[in-house]
Amino acid sequence: MKPNAYMRKFPVHSVSFSQISSRLQEELKSNNPQIRFLLKKSPSLAFATINEIATRIGRKYNIKISLNFPERGKIEDYESYGTENIGFVFQRDSKSFPIPRDVIKSKALKVLESVQIQDAYMYEGKEGVRAIGLNYRLDILPSSLHIWGKINDEIANFCDWLLENCYEVKPGVDGAFNETSS
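Take 7 as the starting number for the sequence shown in this note's numbering and just add one per residue.
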């Protein structure tokens with residue numbers, strides 16, 4: 007069968023930020039007892055386990071996902087896992103967006119309330135955008151997306167738009183949506 011005929015028969019659809027973060031949250035919740043045990047034993051082991059789970063979910067979409075805990079003691083807030091401070095790396099070497107940067111900035115202003123938009127990381131031929139809200143910051147780069155703060159519906163909608171229009175994330179392999187708990 008020719009690749010084009012296969013693609014017509016089985017189209018590959020973009021995957022949304024909401025879908026990925028929901029799967030990540032589900033997987034982290036199902037592993038909560040193990041993570042809580044590891045937290046008592048060693049926070050660094052818990053951190054490694056949390057990010058192994060994130061890496062496993064990301065691999066299914068051909069991206070690298072990492073969870074960050076920028077505040078002391080934040081790792082003990084297991085209810086927030088996957089709902090804040092997440093990094094997505096798409097294509098490490100990308101220096102420019104596939105759409106004009108002004109389109110990204112304009113969309114951010116429309117979707118996000120009370121947000122300041124800035125050009126960011128503009129050196130060595132690279133481009134980026136930073137969106138700063140009251141309780142969050144988004145670092146939007148051609149190769150990655152970093153969410154610092156709690157993800158609300160506005161942020162999720164904007165990130166859905168980014169994944170569809172800037173990053174074109176698609177499932178990695180057949181059966182990619184069948185995670186199992188460890």
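Backbone N, C-alpha and C fix where the C-beta goes; we use that ideal spot for every residue, glycine too.
As computed with DSSP, residue 142 is found in a beta bridge with 155. As computed with DSSP, residue 70 is found in a beta bridge with 95. In the DSSP assignment, residue 125 falls within the beta strand (DSSP E) that extends over 122–125. If you check the CB distance, residue 71 and residue 64 come in under 8 Å. For residue 169 against residue 23, the beta-carbon gap comes to about 5 Å, under 8 Å, which counts as contact. Taking one beta carbon from each stretch, the stretch 120–127 and the stretch 41–61 have fewer than 3 pairs nearer than 8 Å; the two do not touch.
With respect to residue 105, residue 165 sits apart: the two C-beta atoms are not nearer than 8 Å.
One Cα belongs to residue 132, the other to residue 92, and the distance between them is close to 22 Å.
In this structure, residue 88 sits away from residue 40, with a CB-CB distance that is not shorter than 8 Å.
One thing to note: residue 82 has its Cβ no nearer than 8 Å to the Cβ of residue 118. Approximately 5 Å separates the beta-carbon atoms of residue 135 and residue 110; this is inside 8 Å, confirming the contact.
Under a 10 Å Cβ-count criterion, residue 43 is classified as exposed, with fewer than 16 other Cβ atoms of the shown protein chains found around its own Cβ. Nearest to residue 123 by C-alpha distance, out of 67, 163, 146, is 146.
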